[in-house]
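K.L.:
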Amino acid sequence: QKEVEQNSGPLSVPEGAIASLNCTYSDRVSQSFFWYRQYSGKSPELIMSIYSNGDKEDGRFTAQLNKASQYVSLLIRDSQPSDSATYLCAVRTGTASKLTFGTGTRLQVTL
Amino acid sequence: GAGVSQSPSNKVTEKGKDVELRCDPISGHTALYWYRQRLGQGLEFLIYFQGNSAPDKSGLPSDRFSAERTGESVSTLTIQRTQQEDSAVYLCASSLAPLAGETQYFGPGTRLLVL
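So the sequence lines, in the order shown, correspond to chains A and B. If you use the working numbering, the first sequence closes out at 315, no skipped numbers anywhere. If you use the working numbering, the second sequence closes out at 197, no skipped numbers anywhere.
What follows is the structure, given as structure tokens:
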């Protein structure tokens, strides 16, 4: 089992819809969770971080964390074509400083 | 302010040659990380520096890979006797401190192609 799993997609949503991106992780002692957006040929940029169970909202983005289910998600409301990118889920576990990444979900927002 | 910078942006080399990749972190960031991203894959952790020390080298794939950091600033990742499977984008990130939750900021990466 991979440490951080994501559906590779592509996930296709129409403009204005809600995009829901999911991520599961295997290590129960994971503490910090991050969503990065990566445009093709570019480096990852941080979208959201979440550390506690529940929801965290930032503009059109909402991160949801459920540690009991080892599940973290990212919701993008009012999806725009500019949101089309690969979204990487990353997890920091225990005292480690490194991030463990999933393989990413490719999101396509269609007109 | 200036972000993380990396050089070269692209590198094409022949199998068996050595290559050096450079990373300049954000000024004042004590933690520095190297990751590798193969085509269509997620990021793989290689090594982490706190100051000039490397407390976690667990991701280096073989003894052909080494890295150093000097002046608590610039870092160099060296790959000796490159192999075709080394072809990837090598990403450097830095953070203010290696604390849980501290955001890692990524550089633009070096695209390495080994022929």
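Note that beta-carbon positions come from the ideal geometry of N, C-alpha and C, so glycine has one too. Computed from a predicted structure; not experimentally measured.
Please classify Asp145(B): does DSSP put it in a helix, a strand, or coil?
P.N.:
By 1-based counting over the second sequence, the position of residue 145(B) is 63. Here Asp145(B) sits in coil by DSSP.
K.L.:
What does the Cβ neighbour count give for Gly84(B), buried or exposed, with the cut at 16 atoms within 10 Å?
P.N.:
Locating residue 84(B) in the second sequence gives position 2, where the first residue counts as 1. In the sequence as presented, Gly is not what sits at residue 84(B); that position holds Ala. Counting Cβ neighbours within 10 Å, Ala84(B) comes out exposed, since fewer than 16 surround it.
K.L.:
Start and end of the beta strand (DSSP E) containing Ser286(A)?
P.N.:
In the first sequence, counting from the first residue as 1, residue 286(A) sits at position 82. It is not in any beta strand (DSSP E) - Ser286(A) carries neither H nor E in the DSSP assignment.
K.L.:
Which same chain residues, not among the five before or five after Arg146(B), have their C-beta less than 7 Å away from its C-beta?
P.N.:
Counting from 1 along the second sequence, the entry for residue 146(B) is found at position 64. Ile161, Gln162, Arg163.
K.L.:
Mind listing the chain B neighbours of Thr304(A)? Cutoff is C-beta to C-beta under 8 Å, in chain order.
P.N.:
As a position in the first sequence, residue 304(A) is number 100, starting the count at 1. Those are Phe127, listed as they occur along chain B.
K.L.:
May I ask you to report which of helix, strand or coil DSSP gives Glu150(B)?
P.N.:
As a first step, residue 150(B) must be located in the second sequence, where it is residue number 68. Strand, per DSSP.
K.L.:
Got a sec: which bits of the segment 206-225 of chain A sit with their beta carbon under 7 Å from any beta carbon on chain B, in order along the chain?
P.N.:
Here the close residues number zero.
K.L.:
What distance in whole Å lies between the Cβ atoms of Thr228(A) and Gln274(A), which are believed to be in contact at a cut-off of 8 Å?
P.N.:
Looking up residue 274(A) in the first sequence gives position 70. Looking up residue 228(A) in the first sequence gives position 24. Going by Cβ atoms, the distance from Gln274(A) to Thr228(A) rounds to 6 Å, so yes, they are a contact pair.
K.L.:
Below 8 Å on the Cβ atoms is my guess for Ala136(B) versus Ala149(B); work out the distance and round it to an integer in Å.
P.N.:
Here residue 136(B) is taken as the residue at index 54 of the second sequence, counted from 1. Here residue 149(B) is taken as the residue at index 67 of the second sequence, counted from 1. About 7 Å; that satisfies the 8 Å criterion.
K.L.:
Using a Cβ distance threshold of 8 Å, determine whether the segment 251-266 of chain A contacts the segment 205-216 of chain A, with at least three qualifying pairs required.
P.N.:
No contact exists between the segment 251-266 of chain A and the segment 205-216 of chain A.
K.L.:
Taking the alpha carbon of Glu261(A) as the point to measure from, which residue in Lys271(A), Leu278(A), Gly245(A), Asn270(A) has its own alpha carbon closest?
P.N.:
Sequence index remark: in the first sequence, residue 261(A) carries index 57 (1-based). Measuring from the Cα of Glu261(A), the nearest candidate turns out to be Leu278(A).
K.L.:
Roughly how many angstroms separate the alpha carbons of Asp259(A) and Thr192(B), rounded to a whole number?
P.N.:
Here residue 259(A) corresponds to residue number 55 of the first sequence, with the count starting at 1. Here residue 192(B) corresponds to residue number 110 of the second sequence, with the count starting at 1. Asp259(A) and Thr192(B): Cα-Cα distance of roughly 35 Å.
K.L.:
Counting contacts by CB-CB distance shorter than 7 Å, is Leu311(A) in contact with chain E?
P.N.:
Looking at the structure shown, chain E is missing, and the protein chains on hand are A and B.
K.L.:
Can you give, in chain order, each stretch of the beta strand (DSSP E) that sits fully within the segment 162-196 of chain B and has at least 3 residues?
P.N.:
If we require 3 residues or more, the beta strand (DSSP E) runs fully inside the segment 162-196 of chain B come out as 170-177, 192-196.
K.L.:
Between the alpha carbons of Ser155(B) and Leu303(A), how many angstroms are there, rounded?
P.N.:
In the second sequence, residue 155(B) corresponds to position 73, counting from 1. In the first sequence, residue 303(A) corresponds to position 99, counting from 1. Their Cα atoms are separated by approximately 20 Å.
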